[in-house]
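Participant:
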Amino acid sequence: MSEVTVVGLGPMGSKMAATFLDAGHEVAVWNRTASKAEPLLSRGARRAASAADGELLVVSQISYQAMYDSLGDERLDGKVVVNLSSDTPERLREAARRVAGRGGTLITGGVMVPPPGIGRPGAYTFYSGPKDVLDRHAATLAALGEITYVGADQGLAMMYYQAQLLMFWSSLTSLMHAQALLGTSGVGPLEFLPYARTLFAQLGGDGPMGYAKILSEEIAAGRHPGGENSLHMQAVGMGHVVEALTDAGLETTVPAALKALFDRADAEGRGQEGIGTVIESIRKP
Ligand code: NDP
Numbered sequence: 045m046s047e048v049t050v051v052g053l054g055p056m057g058s059k060m061a062a063t064f065l066d067a068g069h070e071v072a073v074w075n076r077t078a079s080k081a082e083p084l085l086s087r088g089a090r091r092a093a094s095a096a097d098g099e100l101l102v103v104s105q106i107s108y109q110a111m112y113d114s115l116g117d118e119r120l121d122g123k124v125v126v127n128l129s130s131d132t133p134e135r136l137r138e139a140a141r142r143v144a145g146r147g148g149t150l151i152t153g154g155v156m157v158p159p160p161g162i163g164r165p166g167a168y169t170f171y172s173g174p175k176d177v178l179d180r181h182a183a184t185l186a187a188l189g190e191i192t193y194v195g196a197d198q199g200l201a202m203m204y205y206q207a208q209l210l211m212f213w214s215s216l217t218s219l220m221h222a223q224a225l226l227g228t229s230g231v232g233p234l235e236f237l238p239y240a241r242t243l244f245a246q247l248g249g250d251g252p253m254g255y256a257k258i259l260s261e262e263i264a265a266g267r268h269p270g271g272e273n274s275l276h277m278q279a280v281g282m283g284h285v286v287e288a289l290t291d292a293g294l295e296t297t298v299p300a301a302l303k304a305l306f307d308r309a310d311a312e313g314r315g316q317e318g319i320g321t322v323i324e325s326i327r328k329p
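As numbered in the numbering used here, the sequence shown has no gaps in its residue numbers, which increase by one up to the final residue, 329.
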């Protein structure tokens, strides 16, 4: 089995290195704080001489700046750098140019599971960059989870990753607002849980509440029919939610921002369209 060098041994990188070891790969490890390598060394990994020591470098750090700090001015001739760290799509594109300038090739990725999920069923990672290079290392990277290739543009993997995270963080924050509101009337989080799960499942389904699909199709078609659910009605309803939270003595930043966005789409004259018309306001801040 080929050797892989893991650069960055936070929770993610440490789990990745352990997963590569479990899959039978030779593994080299490098971390700014060298002591974090100890548990992996005792499992058979070798200590890399530098962050560029190896032909396949899998990087998992807090940001792309950390990769530059780690590599210093080392050359990367013929090396493949697979960076699975978070940053902006623009910085990933810039990193692709900088890695190429040192003779290497950058594959970017966004891992869609937390450390315990790495290498487990259901784990997947969005990758972008040159497909032939990714294909050459697919057998190794598959140890981390399913490979979901999204295109040659190195910024794309991060856009897909951020799109998912935006939905993840905003829907979970809404769940917390919902639970806090009900909590002010003595309804416990576990009492509400069945209804929260029903809504999440319905949104992803095919029924009349299957809004992930309904909205995507409307947005693709560029039409947002209001039908029996006008945006104006929903903006007023969202205002009632914000008032309810305020009356209950709760924080309202995110719900009030939603209300403001709905109101703007309404004020722009699209109140009789459906909720999908909000995307027109998002596109023109
Ligand atoms: P962190 O994002 O906290 O990253 C920690 C790693 O970054 C450590 O190895 C740390 O080194 C290194 N680092 C930070 N600054 C520098 C620097 N200037 N130079 C060199 N190394 C530096 O931990 P995670 O492991 O949780 O996350 C890694 C990446 O994976 C992040 O981009 C994160 O967004 C992403 N991710 C995380 C998930 C999670 O659930 N944890 C899930 C999906 C993606 P040192 O030990 O020396 O401090």
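Note that the Cβ used here is the ideal one computed from N, Cα and C, for glycine as well. Note that this is a predicted model, so its numbers are computed, not measured.
Flag Pro83 as yes when its Cβ comes closer than 7 Å to any non-hydrogen atom of ligand 1, and as no otherwise.
Facilitator: Position 39 of the sequence shown holds residue 83. Incorrect: Pro83 has no Cβ contact closer than 7 Å to ligand 1.
Participant: Are the CB atoms of Glu317 and Pro269 nearer to each other than 8 Å?
Facilitator: Position 273 of the sequence shown, counting from 1, holds the residue named residue 317. Position 225 of the sequence shown, counting from 1, holds the residue named residue 269. Against a cut-off of 8 Å, the Cβ pair of Pro269 and Glu317 comes out as a contact.
Participant: Quick one: what's got a C-beta closer than 8 Å to Ala85's C-beta in the same chain, skipping five residues either side?
Facilitator: As a first step, residue 85 is located in the sequence shown; it is residue number 41 there, counting from the start. Strictly speaking, residue 85 in this sequence is Leu, with Ala absent from that position. Hits under 8 Å: Val73 and Arg91.
Participant: Do Ala256 and ligand 1 come close, with the Cβ less than 7 Å from some heavy atom?
Facilitator: One-based indexing of the sequence shown puts residue 256 at position 212. No.
Participant: Which one or two residues does DSSP pair with Ala72 in a beta bridge?
Facilitator: Taking the first residue of the sequence shown as 1, we reach residue 72 at position 28. DSSP, once it has assigned bridges, lists Thr49 and Arg90 as partnering Ala72.
Participant: Could you compute how far the alpha carbon of Gly166 sits from the alpha carbon of Ser214?
Facilitator: Taking the first residue of the sequence shown as 1, we reach residue 166 at position 122. Taking the first residue of the sequence shown as 1, we reach residue 214 at position 170. Looking at the two C-alpha atoms, the distance is approximately 22 Å.
Participant: Any heavy atom of ligand 1 closer than 7 Å to the CB of Gly199?
Facilitator: Indexing the sequence shown from 1 puts residue 199 at position 155. No, the beta carbon of Gly199 sits no closer than 7 Å to any heavy atom of ligand 1.
Participant: Consult DSSP for Val124 and reduce its assignment to one of helix, strand or coil.
Facilitator: Position 80 of the sequence shown, counted from the first residue, corresponds to residue 124. Val124: strand per DSSP, three-state reduction.
Participant: May I ask you to report which of helix, strand or coil DSSP gives Val177?
Facilitator: Translated into the one-based positions of the sequence shown, residue 177 becomes position 133. Note: Val177 maps to helix in three-state DSSP.
Participant: Can you give me the Cβ contacts of Glu295 inside the same chain, cut-off strictly under 6 Å, excluding the 5 residues immediately before and after it?
Facilitator: Within the sequence shown, residue 295 is the residue found at index 251, counting from 1. Result list for Glu295: empty, nothing under 6 Å.
Participant: Please work out which residues of its chain come closer than 8 Å, Cβ to Cβ, to Ala222, disregarding the five sequence neighbours upstream and downstream, and give them in chain order.
Facilitator: Taking the first residue of the sequence shown as position 1, residue 222 is located at position 178. Phe236 and Ala240, listed in sequence order.
Participant: Would you report the Cα separation of Ser107 and Ser129, rounded to the nearest angstrom?
Facilitator: As a position in the sequence shown, residue 107 is number 63, starting the count at 1. As a position in the sequence shown, residue 129 is number 85, starting the count at 1. Cα to Cα, Ser107 sits roughly 6 Å from Ser129.
Participant: Only counting the same chain, and skipping five residues up and downstream in sequence, which positions put a Cβ closer than 7 Å to that of Ala288?
Facilitator: As a first step, residue 288 must be located in the sequence shown, where it is residue number 244. Closer than 7 Å at the Cβ level, and outside the excluded window around Ala288, lie Leu225.
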